[in-house]
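Worksheet: one structure, shown below.
Residue numbers (full-length UniProt numbering): 1 to 203.
Quick look at the structure:
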């Protein structure tokens, strides 16, 4: 089983989402000894944002690409190949300004590719990534899940990956992390409990 682990927080060792996503991966490996993990740190090794160069590279044959276009084409191809090859994905998605980090959005733009991870048909769009399991580690300073303020965060991720055909999505959530030490400690404790006692209970 191939497991893709994505971190996107800019906070390094101080990141709650990094701590929890690492814990999810370790629990997954404990539950499934066959799991082979590929790791991407989108903050330390940022993917360039979607640009005209990216689009031109995709529409130009390899022989005609300049150096910048070759870099963009190679980046897109390797990022997409990792995602397609994965049987399961763990994504650490902290909330920044009511949405996902720009680093994570840049990665999403490389994997949402018509003809590869979804396609348009006469009956409408069809996701091509069914069968993958996705765990999203959702962290935020405030309380946003299920609220209008969370639409561009958790709801966006559910919409996006659902569009790609992924329906097996589970959230590990730690909210209110900026509401004081007591609230933060409980939120992290609840997330740890979910990971250790619930997430792989049936494994």
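Positions of the beta carbon are idealized from the N, C-alpha and C atoms, including for glycine.
Here the structure is a predicted model, which is why all the values come from computation and not from measurement.
Can you check whether the CB of residue 93 is closer than 8 Å to the CB of residue 17?
yes
Which word fits residue 36, buried or exposed, when buried means at least 16 other C-beta atoms lie within 10 angstroms of its C-beta?
When all chains shown are included, residue 36 counts as exposed.
Could you please give me the residues that DSSP links to residue 170 through a beta bridge?
135
Within a Cβ cutoff of 8 Å, which residues of the same chain sit near residue 116, ignoring the five residues on either side of it in sequence?
80, 84 and 128
Within a Cβ cutoff of 6 Å, which residues of the same chain sit near residue 171, ignoring the five residues on either side of it in sequence?
Correct list, in chain order: 136 and 138.
Runs of 4 residues minimum, wholly inside the region 99-169: which ones carry the alpha helix (DSSP H) assignment?
102-111 and 156-163
Quick one: residues in its chain with C-beta nearer than 8 Å to the C-beta of residue 125, no 5 flanking neighbours on either side, listed in chain order?
118, 119 and 163
By the DSSP assignment, the beta strand (DSSP E) with residue 5 in it spans what residues?
2-7
What does the alpha-carbon distance come out to for the pair residue 38 and residue 7?
11 Å
Between residue 199 and residue 58, how many whole angstroms is the CB-CB distance? I'm expecting something under 8 Å.
At roughly 37 Å, the Cβ-Cβ gap does not stay under 8 Å, so residue 199 and residue 58 are not in contact.
When DSSP labels each residue in this structure, what does residue 93 get in the three-state scheme?
Strand at residue 93.
Does the pairing of the region 175-182 with the region 142-161 give three or more beta-carbon distances under 8 Å?
Two segments are said to touch when three or more pairs of C-beta atoms, one from each, lie closer than 8 Å; by this definition the region 175-182 touches the region 142-161.
Would you kindly check if the distance between the Cβ of residue 90 and the Cβ of residue 25 is under 8 Å?
yes
Who are the Cβ neighbours of residue 1 in its own chain at under 6 Å, not counting the five residues just before and after it?
32, 34, 35 and 87
When the Cα of residue 55 is compared with those of 77, 44, 40 and 46, which residue comes out closest?
77
Please determine, among 106, 130 and 97, the residue with the shortest C-alpha to C-alpha distance to residue 47.
106
Does residue 81 come out as helix, strand or coil in the three-state DSSP assignment?
helix
Could you check where the alpha helix (DSSP H) with residue 193 kicks off and where it finishes?
181-193
Are the beta-carbon atoms of residue 61 and residue 69 separated by less than 8 Å?
no
As a quick exercise: from 196, 168, 112 and 187, pick the residue whose alpha carbon is nearest that of residue 82.
The option with the nearest alpha carbon to residue 82 is 112.
Tell me the DSSP bridge mates of residue 38?
4
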